[in-house]
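> Residues 1 to 114 in full-length UniProt numbering are what the sequence shown spells out, letter by letter.
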Amino acid sequence: MEEKNKRKLGSQKEALAAGYLEAQGCRILEKNYRNRRGEIDLILEDGGFLVFAEVKYRSTERNGLPEEAVDIRKQQKIRSVACSYLAGRSADIPCRFDVISILGGKIRWIKDAF
Numbered sequence: 001m002e003e004k005n006k007r008k009l010g011s012q013k014e015a016l017a018a019g020y021l022e023a024q025g026c027r028i029l030e031k032n033y034r035n036r037r038g039e040i041d042l043i044l045e046d047g048g049f050l051v052f053a054e055v056k057y058r059s060t061e062r063n064g065l066p067e068e069a070v071d072i073r074k075q076q077k078i079r080s081v082a083c084s085y086l087a088g089r090s091a092d093i094p095c096r097f098d099v100i101s102i103l104g105g106k107i108r109w110i111k112d113a114f
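As C-alpha cells, this is what we get:
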C-alpha cells in the first residue's frame, strides 16, 4: 500500500477511535500529539485518568492482532513522549496507557495495556 494511502487510512481509523472514545464519555485533549521524541495518537481524559492511547488497525488477523503491534519498543517510545508531554504541565492526575485495537470493523478498547 502506498505510504500516502496508509497515512490516510491511519487518520481515518484514529478518527473512528476518537469518536468511539467520546461516545464512551471520554474527552479528547490531543490528536496526533508530536514532539521531538515521537507521537502519541490520542491523549484523553477518562474519568480521573489522563490517558495516552495508541490506535492500531488491521483488516484481518493474517498479520496478527492489532494490539500485538504495540511491542516493547513502541511502548517505550510512547512513554518517552508522554513524559515530555507531562513535563510541560502542572496537573497532578493519574496516567494510563491504553490501546485501541481495530480489527476489520470491530473496536476493542484495552485499558491499562502497558
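Don't be surprised by glycine CBs; every beta carbon is placed ideally from N, CA and C.
Since the structure is predicted, the reported quantities are computational estimates derived from the model, not experimental observations.
Closest to Glu67 by CA distance: which of Asn5, Tyr20, Ile110 is it?
Ranking the options by Cα distance to Glu67, first place goes to Ile110.
> DSSP state of Leu65, grouped into three classes?
In the structure shown, Leu65 sits in coil (DSSP, three-state: anything other than H, G, I, E or B).
> Can Val55 and Leu44 be called in contact, C-beta distance under 8 Å?
Not a contact, by the Cβ cut-off of 8 Å.
> Which residue's Cα is closest to the Cα of Arg36: Thr60, Leu103, Ser84?
Among Thr60, Leu103, Ser84, the Cα nearest to that of Arg36 belongs to Ser84.
> Would you kindly work out how many angstroms separate the C-alpha atoms of Ala18 and Leu42, rounded to a whole number?
Going by the C-alpha atoms only, they are around 7 Å apart.
> So for Gly38, helix, strand or coil by DSSP?
In the structure shown, Gly38 sits in a strand (DSSP, three-state: E or B).
> Could you tell me the distance, in whole angstroms, from the CA atom of Lys31 to the CA atom of Ser59?
Going by the C-alpha atoms only, they are around 22 Å apart.
> To the nearest angstrom, how far is the alpha carbon of Glu14 from that of Ser90?
Using only the alpha carbons, I get a separation of about 27 Å.
> Report the rounded CA-to-CA distance for Leu9 versus Gly48, giving the unit in angstroms.
Distance between the alpha carbons of Leu9 and Gly48 is about 31 Å.
> Is it true that the CB of Ile102 sits closer than 8 Å to the CB of Leu21?
Not a contact, by the Cβ cut-off of 8 Å.
> Please report the Cβ distance between Ala82 and Ile40, rounded to the nearest whole angstrom; I am assuming they are in contact, meaning their Cβ atoms lie under 8 Å.
Sure, about 7 Å apart at Cβ, within 8 Å.
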